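Numbering (my numbering), first residue to last: 5 to 314. Where is the CB? At the ideal position from N, CA and C, for every residue including glycine. Predicted model only: the values in this text are computed from it and were never measured. Step one of this worksheet: look at the structure below.
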Amino acid sequence: MALNLNGLVPATVLPMHADGSIDEAGLRSYIAWIARQGPVALAINVDTGEGPHLTHDEKIRVLRVVREVTELPIVAGIAGPSTDAAVRQARDFKAAGADALLVFPIPAYLSEPLDVRIPVQYHEAIADVGLPLILFQLQPALGGLNYEPDTIRAMASVDGVVAIKEASFDARRFVETAQLLASLPRPITLLTGNDNFILESFILGATGALIGFGAVMTRQQVDMIDAWTEDRIDDARAIGRRVQRLADVVFTRPVGDYRVRLKECLCILGVLEAAHVRKPLLAISDAERAHLAGVLTEVGLLRDTAPTLA
Numbered sequence: 005m006a007l008n009l010n011g012l013v014p015a016t017v018l019p020m021h022a023d024g025s026i027d028e029a030g031l032r033s034y035i036a037w038i039a040r041q042g043p044v045a046l047a048i049n050v051d052t053g054e055g056p057h058l059t060h061d062e063k064i065r066v067l068r069v070v071r072e073v074t075e076l077p078i079v080a081g082i083a084g085p086s087t088d089a090a091v092r093q094a095r096d097f098k099a100a101g102a103d104a105l106l107v108f109p110i111p112a113y114l115s116e117p118l119d120v121r122i123p124v125q126y127h128e129a130i131a132d133v134g135l136p137l138i139l140f141q142l143q144p145a146l147g148g149l150n151y152e153p154d155t156i157r158a159m160a161s162v163d164g165v166v167a168i169k170e171a172s173f174d175a176r177r178f179v180e181t182a183q184l185l186a187s188l189p190r191p192i193t194l195l196t197g198n199d200n201f202i203l204e205s206f207i208l209g210a211t212g213a214l215i216g217f218g219a220v221m222t223r224q225q226v227d228m229i230d231a232w233t234e235d236r237i238d239d240a241r242a243i244g245r246r247v248q249r250l251a252d253v254v255f256t257r258p259v260g261d262y263r264v265r266l267k268e269c270l271c272i273l274g275v276l277e278a279a280h281v282r283k284p285l286l287a288i289s290d291a292e293r294a295h296l297a298g299v300l301t302e303v304g305l306l307r308d309t310a311p312t313l314a
């Protein structure tokens, strides 16, 4: 299967029952819905899908269900925390249907300065499994870290690395990463993970977006990216204003609540039946739920009328 990352790769949510167990029927329905919206691939078992709260066996089951529903390429999250554990995950996820791996930062990276051999050898071991790798620069507020340029350069040299998801939520750092990638001897795809400046990421050099906000308003983001790549700049900006309006509400502080906010949006839109999350994550208030509904109306998703944003 050809892996095309130039476009939208939604980080999908995971429907759950009230007791926190996986809602497989809801998952099948949601994956079928999102696959129809035009993404180039799907990111499964990542932070948006509550991957850190799932067991290894649950992650395998989720991948198998998704593989049964869609032929889209699957990018599976790898979370370590040790090299042996990551390699086991990579092998099992490959067998379950994954086509590529998004390699999360791990606790062993939390040292200043970071010995570059640690992330390089970690990625090399995972790459030996034989799937393409996506590096991951993730803002500390979501449990990640920002790499030094020399570390990114060294990790990008690992055979099998095809892309980096840059999710620092920092436009200056994003530009610096884009410039670094442009200086490398082989092409590495720049994927934005910055839900706080989605269209602007493409203006600054991204060719794809692997983002949690892709879980909702998916068709609009696909259309926005298409408009940008086809030089329909005014169309891209018009859609981008609507997209960013809702994204800014979903990713407001506390940013960790973005997962349940995405599920609430999908419930309001009739895509999911419930917005349950796994403890210790919490539900949002009725007032915040009403606010989300108001913004969904404002951007034109709740009724067949033109959006109110100019």
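Ends of the alpha helix (DSSP H) at residue i?
i, result
"Lys98", "87-100"
"Ile48", "Run containing Ile48: none in the alpha helix (DSSP H); it sits in the beta strand (DSSP E), 46-48."
"Leu9", "From DSSP, Leu9 is part of no alpha helix (DSSP H); its letter is neither H nor E."
"Asp239", "237-254"
"Gln225", "222-233"
"Tyr262", "262-272"
"Gly206", "The displayed chain sequence assigns Phe, not Gly, to residue 206. Residues 202-207."
"Pro153", "153-160"
"Lys63", "60-73"
"Phe178", "175-186"
"Val299", "290-302"
Cutting at 8 angstroms between CB atoms, please list the residues of its own chain near residue i, excluding the five before and the five after it.
i, result
"Thr222", "Leu12, Pro14, Ile38, Gln41, Gly42, Pro43"
"Pro144", "Asn150"
"Arg176", "none"
"Val226", "Gly11, Leu12, Gln41, Gly42, Pro43"
Among the options, which one has its Cα closest to the Cα of residue i?
i, options, result
"Thr16", "Val226, His60, Ala80", "Ala80"
"Asp154", "Leu135, Pro123, Ile237", "Pro123"
"Ala240", "Ile215, Ile207, Arg263, Pro258", "Ile207"
"Leu9", "Ala112, Ala278, Asp103, Tyr113", "Asp103"
"Ala330", "Met159, Pro191, Leu188, Gln141", "Any question about residue 330 goes unanswered here, given that the chain covers just 5 to 314."
"Thr196", "Ala182, Ala186, Leu188, Ser187", "Ala182"
"Pro136", "His60, Gly304, Ile192", "Ile192"
"Leu188", "Arg157, Arg95, Thr59, Asp174", "Arg157"
"Ile261", "Gly216, His60, Ile237", "Residue identity check: residue 261 is Asp in the sequence provided, not Ile. The residue with the shortest Cα to Cα distance from Asp261 is Gly216."
"Val70", "Leu105, Leu18, Ser25, Glu54", "Leu18"
"Glu28", "Ala45, Arg68, Leu7", "Arg68"
"Ser25", "Lys98, Val66, Ile35, Arg236", "Val66"
"Thr74", "Gly212, Ala210, Leu285, Ile48", "Ile48"
"Arg263", "Ala112, Ala291, Val281", "Val281"
"Asp119", "Glu152, Asp88, Ala100", "Glu152"
"Glu180", "Trp232, Gly209, Asp96, Leu250", "Gly209"
"Gly304", "Gly30, Gly53, Leu250", "Leu250"
"Thr87", "Glu116, Val133, Ala45", "Val133"
"Ile64", "Leu184, Leu214, Gly101, Gly212", "Gly101"
"Gly30", "Thr211, Leu46, Gly274, Val162", "Gly274"
"Leu185", "Phe255, Ala167, Glu116", "Ala167"
"Ser115", "Gly148, Asp96, Ala99", "Gly148"
"Phe330", "Trp232, Ala231, Phe255, Ile237", "No statement about residue 330 is possible, as the shown extent of the chain runs from 5 to 314 and does not include it."
Please look up how many angstroms separate the CB atoms of residue i and residue j, rounded, as I've assumed it's under 8 angstroms.
i, j, result
"Phe178", "Asn198", "6 angstroms"
"Ala220", "Cys269", "According to the sequence as given, residue 220 is Val; it is not Ala. About 5 angstroms; that satisfies the 8 angstroms criterion."
"Leu146", "Asp252", "Not confirmed; about 16 angstroms, so no contact."
"Gln93", "His57", "Actually they do not touch by this definition, with Cβ atoms about 15 angstroms apart."
"Leu276", "Tyr34", "6 angstroms"
"Ala279", "Ala287", "7 angstroms"
"Arg265", "Leu296", "6 angstroms"
Below 7 angstroms CB to CB, which residues in the same chain sit around residue i once its five sequence neighbours on both sides are set aside?
i, result
"Met228", "Leu203, Ala240, Ile243, Gly244, Val247"
"Met159", "Pro123, Val124, His127, Leu139, Val165"
"Thr301", "Arg307"
"Ile130", "Ile82, Ala90, Val91, Ala94, Leu105, Val107, Leu137"
"Lys283", "Gly24"
"Thr312", "Low confidence applies here, because Thr312 scores a pLDDT of 48, under 50, leaving its location unreliable and the question unanswered by this model."
"His21", "Asp27, His280"
"Asp163", "Ala131"
Using a Cβ-Cβ cut-off of 6 angstroms (strictly less than) and excluding sequence neighbours within five positions of residue i, which residues of its own chain qualify?
i, result
"Ala310", "Only weak support exists for where Ala310 lies, its pLDDT of 42 falling under 50; the coordinates are left without a value."
"Asp308", "Since pLDDT at Asp308 reaches only 43, below the 50 mark, its modelled position is unreliable, and no value is offered."
"Ile317", "The first residue shown for the chain is 5 and the last is 314, placing residue 317 beyond what the model contains."
"Ala314", "At Ala314 the pLDDT is 42, less than 50, meaning the model places this residue with poor confidence; the figure from the coordinates comes in the next sentence. Taken in chain order, the list of residues that qualify is empty."
"Glu54", "Leu18, Arg282"
"Leu76", "Ala39, Ala45, Leu46"
So if DSSP puts residue i in a beta bridge, which residue, or which two residues, is it bridged to?
i, result
"Val141", "The sequence given here has Gln at residue 141, not Val. Paired residues: Glu170."
"Val107", "Ile82"
"Gly212", "Leu195"
"Ala15", "Ala47"
"Ile26", "Met20"
"Val165", "Leu137"
So the beta strand (DSSP E) residue i belongs to, where does it begin and stop?
i, result
"Pro123", "Taken as a continuous stretch (DSSP letters only), Pro123 belongs to no beta strand (DSSP E), being part of the alpha helix (DSSP H) at 121-131."
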